[in-house]
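Protein chains in written order, with the numbering used here: chain B, 1 to 295; chain H, 1001 to 1130.
Structure first, then comments.
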């Protein structure tokens, strides 16, 4: 009985915002420009959206549409991360509450689509990460590759890759210098989804931690069909063109408006009083222990 | 006990009126579902998911003794008494959300990047009188 538990819920008679309420709701969200009480009344998501528009209004201008493959990947991530109602699911792995996908915004050197030398593919990638805020801490970063349809779905592919980070100085015309590089091999089976993720966290974490927001990388790779560990020999270089990869960042947003898993003052805010009492008990026992140790 | 001592003896004809003050209000404080779609706000250009958002809301009257039913703090009962007996200018407790759920949102950012974010306290799930 939810009433006995202090709740107050009943079978819903669903109300929906009528069409003509849209203008009224939009008017309600037309906040005064100065920060203060008005903005404090607006839910955090709506406040974020309002902040993005020019002069504080929700922007109605069309936005640059992302790559369709990237959008498909993120929709899939959304379905795995949240219910149909939009409630975050519990998930394994890093405790992220933010995931950002960036497509390369420009290239230095070889142009996209330029024929590779032999079987070696080479691509320069420049990512602008201005959308990452100072309160978003990097947990994991991934280069996300997708294959075009010419690669058979049952293929086993081995790639030998060379990844290097380049310093990018927009104020200078001097060519970028290579700051860090590594070579590695990657083996994967091309399945139905045709996505390959390459973890580049060790490369990017120092840069993002120091608030570097323009990431310039060069990636050279050669991909061959076959599995060096298995019975098949490496042969038949993969001629399929790899779409320049996207950069996926798994982040922990430490701001107040973000959802924090495992926070007793977070989800539902139901544990606020309980957490306070529990913390009180814990502090007493810890305080006694600390006091004993000091003595 | 205080009411019994202070109130005058009730006659049978006044008993129902007397008991009404202890009854639960007809339109009691409850959680009401409410659903909207971002297309109604013309925000579906950059909010890819969810298609609909159900924040819900709380509405209704609060009883004189809300503590057991709504888990209200003792202060709520005290404020109720103050409003009723000492100073009507002191507002009576209101029906407000007590618990919330977070919401995951997928948006298209300026510049064409895509962001998945989880926001705190976006959906009311329980009401209280406070």
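Cβ coordinates follow ideal geometry from the N, Cα and C atoms, glycine included.
Quantities reported herein were computed from a predicted structural model and do not represent experimental measurements.
is_contact[residue i, chain B] using C-beta, thresh 8 Å
i              : result
residue 1049/H : yes
residue 1106/H : yes
residue 1094/H : no
residue 1077/H : no
residue 1061/H : no
residue 1065/H : no
residue 1082/H : no
residue 1091/H : no
residue 1115/H : yes
Near the ligand MG: residue i beta-carbon under 7 Å from a heavy atom
i             : result
residue 246/B : Here there are no bound small molecules, and the ligand MG is not part of this structure.
Enclosing beta strand (DSSP E) for residue i [first to last residue]
i              : result
residue 220/B  : 214-225
residue 122/B  : 121-128
residue 1115/H : 1114-1129
residue 136/B  : 136-146
residue 98/B   : 98-102
residue 87/B   : Note, residue 87/B: premise wrong, no beta strand (DSSP E); not H, not E.
residue 133/B  : Careful: residue 133/B lies outside any beta strand (DSSP E) and carries neither H nor E.
residue 162/B  : 156-166
Nearest-angstrom Cα separation, counted from residue j out to residue i
i              : j              : result
residue 1092/H : residue 96/B   : 42 Å
residue 140/B  : residue 125/B  : 19 Å
residue 208/B  : residue 75/B   : 25 Å
residue 68/B   : residue 1042/H : 21 Å
residue 945/H  : residue 1044/H : For residue 945/H there is no data in the structure shown, the boundaries of chain H being 1001 and 1130.
residue 248/B  : residue 1126/H : 36 Å
residue 162/B  : residue 138/B  : 23 Å
residue 250/B  : residue 135/B  : 13 Å
residue 1054/H : residue 1070/H : 22 Å
residue 186/B  : residue 1130/H : 59 Å
residue 101/B  : residue 1074/H : 49 Å
residue 1099/H : residue 199/B  : 38 Å
residue 89/B   : residue 98/B   : 13 Å
Below-8 Å beta-carbon distance, residue i vs any chain H residue
i             : result
residue 68/B  : no
residue 86/B  : yes
residue 200/B : no
residue 140/B : no
residue 128/B : yes
residue 214/B : no
residue 99/B  : yes
residue 258/B : yes
residue 146/B : no
residue 166/B : no
residue 82/B  : yes
residue 133/B : no
residue 188/B : no
residue 77/B  : yes
residue 203/B : no
residue 254/B : no
Run of the alpha helix (DSSP H) containing residue i, from where it starts to where it stops
i             : result
residue 252/B : Unbroken run through residue 252/B is the beta strand (DSSP E), 246-253; no alpha helix (DSSP H).
residue 208/B : 201-209
residue 75/B  : 68-81
Touch check for the region 1098-1108 of chain H and the region 68-85 of chain B: three-plus C-beta pairs under 8 Å? Contact holds: three or more Cβ-Cβ distances are below 8 Å.
Whole beta strand (DSSP E) elements within the region 1026-1105 of chain H, 3-residue minimum: The beta strand (DSSP E) runs of length 3 or more contained entirely in the region 1026-1105 of chain H are, from start to end of the chain, 1030-1032, 1034-1037, 1047-1049, 1057-1059.
Is it true that the region 243-262 of chain B meets the region 1110-1125 of chain H, where meeting means three or more beta-carbon pairs spaced less than 8 Å apart? Yes, the region 243-262 of chain B touches the region 1110-1125 of chain H.
Under 8 Å: do the region 1077-1096 of chain H and the region 1056-1063 of chain H share three or more Cβ pairs, one atom per stretch? These segments touch.
Is the region 1067-1079 of chain H close to the region 1044-1053 of chain H, with three or more CB pairs under 8 Å? The region 1067-1079 of chain H, when compared against the region 1044-1053 of chain H, does not touch it at the 8 Å Cβ threshold.
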